[in-house]
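Q: Here it is: the structure, laid out below.
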Amino acid sequence: MATLKEKRTCGQRCEDFGRFVWNSDNGTFMGRTPEKWVYISLYYVAFYVVMTGLFSLAIYVLMYTLDPYAPDYQDRLKSPGVMVWPDTYGEEDIEINYNTSDKACWTKMSKILHKFLGPYNDTKQLECNNYNCTKGKYFIQKTFSAPHHTKWACPFTQSMLGPCSGLEDPTFGYNCTMPCVVIKMNRIIDFLPTNHTELPPYVNCTILEGQSNVAKIEYFPDRGVMDLSYFPYYGKLAQPTYVNPLVAVRFSLAERNTRRSSAEWSETRSATKATTNPTREKSPSTSKQ
């Protein structure tokens, strides 16, 4: 029959731990002699030095082979997408709801557009993109001839959006029945919008529902064209001052809509669906109910 071990006191346990840390009988520190501790320390130092060197070499080779201006591999899209401002995306469509008699409501829309158009300020653009581009032609650049080893970017100024620039009308028409939306084409490196015709990419809106609610649609710049001189895009590092070309669309609502109450205006929505193809950019199709 096994005998019960004698219960050790706290002092005895502390004494055993002290003997483990330093055993004066055989001269060991935590179970090993000082000589063995030196060998183990040297081994781990050499091991981590080698591992650090291999990791650094791998990172160096990777960074050396990468092109700093464009990705080696990219999931190229057939055509870039478009974004619409004010940024009011709903569950299925783009919904632009505002109440003309509620200043706080349409002021929010105008603030969104003013913030978005900040980089397109005429003074800023003429300072950072002071280059005379040839309209109607691709701006192909094979060398880094711009300052700081970069490439030139064509200026796109806020005033090019005409009545929808926010310069003539700071409310962008949201205080009345002529609201503006701004459409931006997303960037794809080295993308050239080519087709079987000589037409540049442009924006075209079609009323899906409630055609009688919209009396007129206007585009700025003229005909909603995105000039070819803004293509191709060479990347953020190569063209740090590049800005996306824009098209502003102004909807002139039918006069009878002005007699609607505020509650009815708050329910009015602009549903937008963006459709693009490799040859031509078309704007969101818009319906007013």
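Following the numbering used here, the numbering of the sequence shown begins with 1438 at its first residue and continues without gaps. Heads up, the beta-carbon is just placed ideally off N, CA and C, and yes, glycines get one too. Computed from a predicted model, the values in this text were never measured in an experiment.
#1: How many Å lie between C1591 and Y1667 at the Cα?
#2: Could you check what DSSP says for I1549 in three-state terms: helix, strand or coil?
#3: Does the region 1615-1624 come within contact of the region 1571-1581, defined as at least 3 CB pairs closer than 8 Å?
#4: In or out: S1493 buried (at least 16 other Cβ within 10 Å) or exposed?
#5: Would you say M1615 faces chain C, with C-beta separation under 8 Å as the test?
#6: Can you tell me which of the three DSSP states Y1656 falls into?
#7: Over the uninterrupted beta strand (DSSP E) stretch that includes W1522, give me the two end residues.
#8: Which residue's Cα is closest to the Cα of P1669: L1499, G1573, D1659?
#9: At what residues does the beta strand (DSSP E) containing C1617 begin and finish?
#10: Measuring alpha carbon to alpha carbon, tell me which of T1608, P1471, K1552, Y1656 ends up nearest T1544.
#11: DSSP three-state label for R1706, please.
#12: Using only CA atoms, which one of N1463, G1448, R1450, M1467 lies nearest to F1457?
#13: Locate the alpha helix (DSSP H) running through A1495, then write down its first and last residues.
#14: Express the C-alpha separation of P1523 and R1697 in angstroms, rounding to a whole number.
#15: Buried or exposed: where does C1447 fall if 16 or more other Cβ atoms within 10 Å of its Cβ makes it buried?
#16: For Q1562, which residues from the same chain have a beta carbon less than 6 Å from its beta carbon, with the 5 sequence-adjacent residues on both sides left out?
#17: Around the C-beta of S1602, are 16 or more other C-beta atoms found within 10 angstroms, so that it is buried, or is it exposed?
#18: What are the boundary residues of the beta strand (DSSP E) that includes L1690?
#19: Should the region 1480-1491 be regarded as contacting the region 1501-1508, the criterion being three or more beta carbon pairs within less than 8 Å?
#20: Tell me where the alpha helix (DSSP H) around T1560 begins and ends.
#21: Can you have a look at K1588 and say buried or exposed, based on whether 16 or more other CB atoms are within 10 angstroms of its CB?
#22: So for T1640, helix, strand or coil by DSSP?
#23: Please tell me whether L1683 and L1598 are closer than 8 Å, where the distance is taken between their beta carbons.
A: In short:
#1: 6 Å
#2: helix
#3: Note that the region 1615-1624 does not touch the region 1571-1581; fewer than 3 beta-carbon pairs, one per stretch, sit closer than 8 Å.
#4: exposed
#5: Of the chains in the structure shown, none is chain C; there is only one protein chain.
#6: strand
#7: 1519-1522
#8: G1573
#9: 1617-1622
#10: T1608
#11: In this prediction, R1706 has a pLDDT of 31, which is less than 50 and means its spatial position is unreliable; what the coordinates show is noted afterwards. Three-state DSSP puts R1706 in coil, outside helix and strand.
#12: Closest by alpha carbon: M1467.
#13: 1471-1502
#14: With a pLDDT of only 34 at R1697, under 50, the local geometry of the prediction cannot be trusted, and the value read off the model is given with reservation. Near 23 Å, if we compare the C-alpha coordinates of P1523 and R1697.
#15: exposed
#16: P1592, T1594
#17: buried
#18: L1690 -> beta strand (DSSP E) spans 1683-1690.
#19: no
#20: Boundaries of the alpha helix (DSSP H) harbouring T1560: 1559-1565, taken from the DSSP string.
#21: buried
#22: What sits at residue 1640 in the sequence shown is Val, not Thr. Looking at V1640 - three-state DSSP - the assignment turns out to be coil, as it is neither helix nor strand.
#23: yes
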